[in-house]
Amino acid sequence: MVELVVLPVHQRLAELHTIVDKRPLTADEQVEFHDCMQINADVMFELGKIKIASQQAFETDDTEWQHDICARIEAVSKKFIRGGIYSG
97 MVELVVLPVH QRLAELHTIV DKRPLTADEQ VEFHDCMQIN ADVMFELGKI KIASQQAFET
157 DDTEWQHDIC ARIEAVSKKF IRGGIYSG
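If you want it as structure tokens, here you go:
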């Protein structure tokens, strides 16, 4: 089972959402919001591909494939969470 975490990018999106409820975003904040949304889309796309592969590996009882999927999850984690594209 894949453990999902709240990415720093999602924390920042929540902050920007709170700000926009109080005042318009600055130009820099608007750029940051757009960047965060792109990163979010990238993460969701990668996790979606992994979820499909994980289900297929489970249904075919392919243990080796399941191990490969775990490695992909780790790669996504390193890319998006631990100092990669956005580490907060």
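The sequence shown begins at 97 in my numbering and counts up by one. Ideal Cβ positions, reconstructed from N, Cα and C, are used throughout, including at glycine. Note that the structure is predicted; figures quoted are calculated from it, not measured.
Using the three-state DSSP reduction, which class does residue i fall into: helix, strand or coil?
| i | result |
| --- | --- |
| P104 | helix |
| L109 | helix |
| T156 | coil |
| L121 | coil |
Could you check which residue in the options has the C-alpha nearest to that of residue i?
| i | options | result |
| --- | --- | --- |
| P104 | D117, F129, K118 | F129 |
Return the CA-CA distance between residue i and residue j, expressed in angstroms with no decimal places.
| i | j | result |
| --- | --- | --- |
| K145 | L112 | 28 Å |
| M133 | K175 | 16 Å |
| N136 | A110 | 12 Å |
| T122 | E170 | 35 Å |
Which residues in the same chain as residue i place their Cβ atom closer than 7 Å to its Cβ, once the five residues preceding and following it in sequence are excluded?
| i | result |
| --- | --- |
| I165 | I146, A149, S150, A153 |
Could you pull out every residue in the same chain whose Cβ sits closer than 6 Å to the Cβ of residue i, ignoring the five residues on either side in sequence?
| i | result |
| --- | --- |
| V172 | E142 |
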